[in-house]
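In the numbering used here, the protein residues as written are 969 to 1367. We put the CB at the ideal spot given by N, CA and C, even for glycine. For clarity, every value in this text was computed on a predicted model and none was experimentally measured.
Right, dumping it as structure tokens:
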């Protein structure tokens, strides 16, 4: 078993034995001069949980940080908000990282809603269920005290958190920033140039400038590539999820709650799909019980109609085609990107008329029925077109 201790010394740069570590009957003398790192080896039967460090003949120095690791495998901690919609967009960066740095492992600190989704990525072997938003509370309040005690218990109960090399915060929220500061390892975050000059006191040990107009999937990919120093050879993402063939059960999986439409528009979409005989799986009417059911039902559908939320991102990651309805001007930096492992695409629509409910549902119906279903457009739109100045005789330039 190999252990690596890392520490910073303040005071005199004295030489000689700085520490004596006791592991049961095994005593290891550690010598050090200046600032850096060291390594020592222990007997295979040593108990790392009973490490006791004591000054060994050097009283002038002061230890800031000392931590042992029981593996040479590099470990990255990701701090993420408890938002399931934000999980899958980070997967391509994790896939890139383990390919660029074989043997890399990830620990993720997030809340109970997002935790099951992070567990689906094969590179994540440690998910700590603790909502980082709680750590943003002031330590001078009873709530802050309870949170601090709970956080200390989390750190003490998970030895892998003591092996962290980097703490990466791709989100920059108050909770994720607070969590990154309370973890061992070098903290890394994103700096947005549009926010002006960086503050004098940097929130992270390292900040990487990422353009605001860069897509959020690519932002995390670029961040990890810069931190771990590997190259990105393909801009099309690979989410790392296992894509298994499932028998098709329904024509269309629809997630009405994620669509940016009014209630009457959702009713119209349901009515049109029923009129044309399209079989649907309405996840709002019958929500999936867990992440496994989510993936199974998505892969059992020929097409997906969803908004820019969890269902849309899951379909894109699994290569299921369909339509993702975004809010105006949202697709460029926030819209879904289909995995490069699939030739079928989930298309983003964020501009009229293509993102209007009537056009969306009729487009889906025509694709599913191979153009055999009659097209039904709102009469109000036809009337508006007939009464427009361009449609009147003599209208136009110079009229």
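field: CB contact flag (residue 1206, residue 1043, <8 angstroms)
entry: no
Residue 1274, buried or exposed, once every other Cβ within 10 Å from all chains shown has been counted against 16: buried
task: Could you work out which residue in 1328, 1323 and 1055 is closest to residue 1185 when comparing CA atoms only?
output: 1055
query: Going by the CB atoms, is the gap between residue 1306 and residue 1313 shorter than 8 angstroms?
result: yes
- prompt: The alpha helix (DSSP H) spanning residue 1278 covers which residue range?
  reply: Where residue 1278 is concerned, the enclosing alpha helix (DSSP H) stretches over 1278-1286.
task: Could you check if residue 1052 is buried or exposed, using at least 16 other CB atoms within 10 Å of its CB as the buried criterion?
output: buried
task: Leaving aside the five residues before and after residue 1329 along the sequence, list all residues of the same chain whose C-beta is less than 6 angstroms from its C-beta, in chain order.
output: Non-local C-beta neighbours of residue 1329 in its own chain, meaning closer than 6 angstroms and more than five positions away in sequence, comprise 1237 and 1240, ordered along the chain.
- prompt: Using CA coordinates, which residue listed in 1174, 1217, 1261 and 1279 is at the minimum distance from residue 1138?
  reply: 1174
message: At the level of alpha carbons, what is the spacing between residue 1076 and residue 1340?
response: 49 angstroms
- request: Between the Cα of residue 1197 and those of 1068, 1062, 1047 and 1074, spot the shortest distance and give me the residue it belongs to.
  value: 1068
query: Can you name the start and end residues of the alpha helix (DSSP H) that residue 1073 belongs to?
result: Looking at the DSSP string, residue 1073 is not in any alpha helix (DSSP H); the run it does join, the beta strand (DSSP E), is 1073-1078.
Close Cβ partners of residue 1211 (< 7 angstroms) along its chain, the five nearest in sequence each way excluded: 1286, 1287 and 1309
Residue nearest to residue 1193 in terms of C-alpha spacing, selected from 1342, 1064 and 1049: 1064
query: Are residue 1097 and residue 1062 touching if we call contact CB-CB under 8 angstroms?
result: no
task: If I'm right that residue 1224 touches residue 1252 with Cβ under 8 angstroms, what's the distance once you round it to whole angstroms?
output: 5 angstroms
field: For residue 1084 and residue 1178, the rounded distance between their alpha carbons
entry: 29 angstroms
task: Whole angstroms is fine: what's the gap from residue 1104's alpha carbon to residue 1129's?
output: 20 angstroms
field: Cβ-Cβ separation, residue 1050 to residue 1101 (assumed contact under 8 angstroms), whole Å
entry: 7 angstroms
- prompt: Who are the Cβ neighbours of residue 1133 in its own chain at under 8 angstroms, not counting the five residues just before and after it?
  reply: 1042, 1043, 1044, 1153 and 1154
task: Starting from residue 1249, follow its DSSP beta bridges and name the residues at the other end.
output: Residue 1249 is bridged by DSSP to 1221.
field: Pair within 8 angstroms by beta-carbon distance, residue 1327 and residue 1219
entry: no
query: Just the Cα atoms here: how many angstroms apart are residue 1256 and residue 1325?
result: Approximately 24 angstroms between the Cα atoms of the pair.
task: Could you give the DSSP three-state label for residue 1367: helix, strand or coil?
output: A caution first: residue 1367 carries a pLDDT of 32, below 50, which makes its placement in the model unreliable, though a value can still be read off. Residue 1367 falls in the coil class under three-state DSSP.
Given residue 1060 as reference, the closest of 1121, 1071 and 1090 once Cα atoms are compared: 1090
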